[in-house]
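In UniProt numbering, the protein residues as written are 1 to 157.
Even glycine gets a Cβ: it sits at the ideal position worked out from N, Cα and C.
Before any comments, here is the structure.
What follows is the structure, encoded as structure tokens:
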């Protein structure tokens, strides 16, 4: 391993610090995240080390699971469990790129819609072309469902 300051090693260092500080929430959340990363590394035919980008994708997926679980617990009347999921999500958010605001997302989508129209894609059929153009620009800073909803709004309007 050439670079010792990988994203994964930063998580491991932060876990050690959280354990020493007796920060139960942070250490439990980082343990869970590192377990998810390890699972991803051994999935498939051969074990491999994930790149920093792949580690971020795993963390984003875990953060999304926490948000969805919090909503489900909330609907089920389990506020305490929902609060724990939100707290875990907040710990994970510290390691993810800042999420785009609705305005920032709308601006990026509008640019992609203009480009798609310039290439002859119009109306609902332009969805694929616009998504293809906008996804690299939002990479990791907005969930796919949120991006798709913004694209649909922009194409309808």
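Alpha carbon of residue i to alpha carbon of residue j, nearest angstrom
i	j	result
residue 66	residue 89	6 Å
residue 60	residue 45	24 Å
residue 13	residue 73	31 Å
residue 42	residue 36	10 Å
residue 18	residue 116	48 Å
residue 40	residue 76	30 Å
Cut-off 6 Å between Cβ atoms - residues of its own chain near residue i, not counting five sequence neighbours on either side
i	result
residue 137	108
residue 9	none
Residue i, DSSP secondary structure in three states
i	result
residue 81	helix
residue 107	helix
Cβ pair residue i, residue j closer than 8 Å
i	j	result
residue 155	residue 131	no
residue 63	residue 96	yes
residue 15	residue 34	yes
residue 100	residue 29	no
residue 129	residue 121	yes
residue 70	residue 85	yes
Nonlocal neighbours in the same chain, by C-beta distance under 8 Å from residue i, ignoring five residues either side
i	result
residue 161	Residue 161 falls outside the range modelled here, since the chain spans only 1 to 157, and no answer is possible.
Cβ-based neighbour list, residue i, same chain, cut-off 7 Å, excluding 5 preceding and 5 following
i	result
residue 6	52
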